[in-house]
Amino acid sequence: MLQGKVAIVTGGTRGIGYATVETFLKNGATVALFGSRQETVDKALAKLKTENADWPVVGLCPDLTDYAAVEAAINQVRTQFGRVDILVNNAGISAREPLYQYDPEAFKNIMSLNVDAVFNGCRAVAPIMKEQGEGVILNTSSMVSLYGQTAGVGYPASKFAVNGLTKSLARELGRDGIRVNAVAPGVTRTDMVAALPEDMLKRVVAPIPLGRVGEPQEVANVFLFLASDLASYVTGAVISVDGATMV
Ligand SMILES: NC(=O)c1ccc[n+]([C@@H]2O[C@H](COP(=O)([O-])OP(=O)(O)OC[C@H]3O[C@@H](n4cnc5c(N)ncnc54)[C@H](O)[C@@H]3O)[C@@H](O)[C@H]2O)c1
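Read in the working numbering, the sequence shown has 1334 at position 89, and its numbers run on one by one without any break.
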């Protein structure tokens, strides 16, 4: 589905990002994964190479909150592979602190990675995609971007902003052949969720009509569809992948 395409996936070293990298590679893309540290990038690359030594995948670790670093890394990928067709802005952190204890610095930090980094990626890649006459930007939002959550306001606030970037840039960049969409996962079985004790997991699953948490692969499948030409008329959408979780 992505034969000949060049993709960048931020936060590609584990969880949803790793599943997306793997899925894109299986579907013929060349992939550059961005991680936060060289060590975790190398580990992810080694794991992918054990699956298939021939997969065209490289890894970089720019500071996503620093525009110049993001621009340099994206330009490096373009120089190495000749183009950038897909950017998945996936790296993100969450928060659970009640407002009464919320450290203002922590609020700035979450906005910096979850929002500024998404802007940085879009800002740096859009001119390349415009020149190509086509491109796809995908953002990882969250189900909390629709309703908020009962603590840790920085996280939903940041994901509301991700939806805003998605919807607005879809309108701004459509005429340049660039589609912009977001996926809003519900609770997904990444390391954090896998480590939850049984009773906590039961509470998490209770409001999910499908009766289970989502798998990273199920989110990656939607990224695959949105990145592919099958989604050629889909832009400005925030697609829920949450088993119809009720709040
Ligand atoms: N897991 C869930 O239940 C869930 C639900 C909704 C949305 N999401 C969103 O999905 C995305 C991926 O989350 P995940 O659950 O796979 O998380 P994860 O913690 O397993 O992975 C997060 C990724 O982001 C990267 N990252 C973290 N801080 C970084 C930094 N400062 N600079 C660069 N990269 C950094 C990590 O290296 C890692 O690859 C996030 O945007 C998250 O908000 C996750």
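Cβ atoms here follow ideal geometry from the backbone N, Cα and C, with glycine treated the same way. Since we're looking at a predicted model, the values are computed, not measured.
**Message:** I'd like to confirm something about N1334: is its beta-carbon nearer than 6 angstroms to some heavy atom of ligand 1, or not?
**Reply:** As a first step, residue 1334 must be located in the sequence shown, where it is residue number 89. With a cutoff of 6 angstroms, N1334 does not count as near ligand 1, since its C-beta is closer than that to no heavy atom of the ligand.
Check your understanding: Residue ranges of each alpha helix (DSSP H) run of no fewer than 4 residues wholly in the region 1254-1338, ordered along the chain?
Key -> Those alpha helix (DSSP H) runs which fall completely within the region 1254-1338 and span 4+ residues are 1260-1271, 1283-1296, 1312-1326.
Less than 7 angstroms separating the beta-carbons of A1482 and N1426? Taking the sequence shown and counting its residues from 1, one reaches residue 1482 at position 237. Taking the sequence shown and counting its residues from 1, one reaches residue 1426 at position 181. Yes, the Cβ-Cβ distance between A1482 and N1426 is below 7 angstroms.
Limits of the alpha helix (DSSP H) - the one that R1368 falls within
To locate residue 1368, count along the sequence shown from 1; it is residue 123. For R1368, the enclosing alpha helix (DSSP H) has its first and last residue at 1362-1377.
*Hey, is P1430 close to ligand 1, as in C-beta under 6 angstroms from one of its heavy atoms?*
The count along the sequence shown starts at 1 and reaches residue 1430 at position 185. At least one heavy atom of ligand 1 is nearer than 6 angstroms to the Cβ of P1430, so yes.
Assuming I1253 and V1363 are in contact, meaning their beta carbons sit under 8 angstroms apart, how far apart are those beta carbons, in whole angstroms?
Position 8 of the sequence shown, counting from 1, holds the residue named residue 1253. Position 118 of the sequence shown, counting from 1, holds the residue named residue 1363. Not a contact, Cβ separation roughly 13 angstroms.
Would you say R1416 touches ligand 1, meaning its beta carbon is less than 6 angstroms from a heavy atom? For this step, residue 1416 is matched to residue 171 along the sequence shown. When distances are taken from the beta-carbon of R1416 to the heavy atoms of ligand 1, even the shortest one reaches 6 angstroms or more.
Beta-carbon gap between N1359 and S1403 smaller than 7 angstroms
In the sequence shown, residue 1359 corresponds to position 114, counting from 1. In the sequence shown, residue 1403 corresponds to position 158, counting from 1. The Cβ atoms of N1359 and S1403 lie closer than 7 angstroms to each other.
- Query: If you draw a straight line from the C-alpha of V1449 to the C-alpha of F1352, how long is it?
  - Reply: Here residue 1449 refers to the residue found at position 204 when the sequence shown is read from its first residue. Here residue 1352 refers to the residue found at position 107 when the sequence shown is read from its first residue. Approximately 25 angstroms, taken between the alpha carbons.
- Item | DSSP three-state assignment for P1349, whether helix, strand or coil | The residue given as residue 1349 occupies position 104 in the sequence shown. Helix at P1349.
inquiry  = Quick check on the burial criterion: 16 or more other C-beta atoms within 10 angstroms. Buried or exposed for A1318?
reply    = Here residue 1318 refers to the residue found at position 73 of the sequence shown. With 16 or more Cβ atoms within 10 Å of its Cβ, A1318 is classed as buried.
Give the straight-line distance between the Cα atoms of G1378 and Y1347, rounded to the nearest whole angstrom. Residue mapping note: residue 1378 aligns to position 133 of the sequence shown, counting from 1. Residue mapping note: residue 1347 aligns to position 102 of the sequence shown, counting from 1. Annotation: G1378 to Y1347 spans about 44 angstroms, alpha carbon to alpha carbon.
Discussion item. Measuring only from the beta carbon, is S1390 closer than 6 angstroms to any heavy atom that is part of ligand 1?
Written reply: The residue given as residue 1390 occupies position 145 in the sequence shown. No, ligand 1 has no heavy atom inside 6 angstroms of this Cβ.
Can you tell me whether R1259 sits near ligand 1, meaning its C-beta is under 6 angstroms from at least one heavy atom of the ligand? Looking up residue 1259 in the sequence shown gives position 14. Correct: R1259 has its Cβ closer than 6 angstroms to ligand 1.
>> Can you tell me whether E1296 is buried or exposed? The criterion is at least 16 other CB atoms within 10 Å of its CB, across all chains shown.
In response: As a working note, residue 1296 is residue 51 in the sequence shown. Exposed is the label assigned to E1296, since fewer than 16 other Cβ atoms lie within 10 Å of its Cβ.
- Query: Taking the continuous alpha helix (DSSP H) assigned at S1485, which residues delimit it?
  - Reply: If you number the sequence shown from 1, residue 1485 lands on position 240. Run containing S1485: none in the alpha helix (DSSP H); it sits in the beta strand (DSSP E), 1483-1486.
- Separation of A1451 from L1270, as counted between CA atoms: Reading the sequence shown from its first residue, position 25 is the one you call residue 1270. Reading the sequence shown from its first residue, position 206 is the one you call residue 1451. Each residue's Cα considered, the two are about 35 angstroms apart.
Minimum C-alpha distance to A1429 - residue among G1262, I1423, L1441, S1387:
Looking up residue 1429 in the sequence shown gives position 184. In this structure, S1387 is the residue among G1262, I1423, L1441, S1387 with its C-alpha nearest to the C-alpha of A1429.
Practice task
Can you tell me the Cβ-Cβ gap for A1396 and P1343, rounded? I've got them flagged as a contact below 8 angstroms.
Solution key: Here residue 1396 is taken as the residue at index 151 of the sequence shown, counted from 1. Here residue 1343 is taken as the residue at index 98 of the sequence shown, counted from 1. Rounded to the nearest angstrom, the Cβ distance from A1396 to P1343 is 5 angstroms, consistent with a contact under 8 angstroms.
| query | Just how far apart, CA to CA, sit G1249 and E1443? | reply | Numbered from its first residue, the sequence shown carries residue 1249 at position 4. Numbered from its first residue, the sequence shown carries residue 1443 at position 198. Distance between the alpha carbons of G1249 and E1443 is about 44 angstroms.
Next on the checklist: Between the alpha carbons of R1420 and N1384, how many angstroms are there, rounded?
Outcome noted: For this step, residue 1420 is matched to residue 175 along the sequence shown. For this step, residue 1384 is matched to residue 139 along the sequence shown. If you draw a straight line from the Cα of R1420 to the Cα of N1384, it is about 19 angstroms long.
Per DSSP, R1448 forms a beta bridge with which residues?
-> Position 203 of the sequence shown, counting from 1, holds the residue named residue 1448. DSSP lists no partner for R1448.
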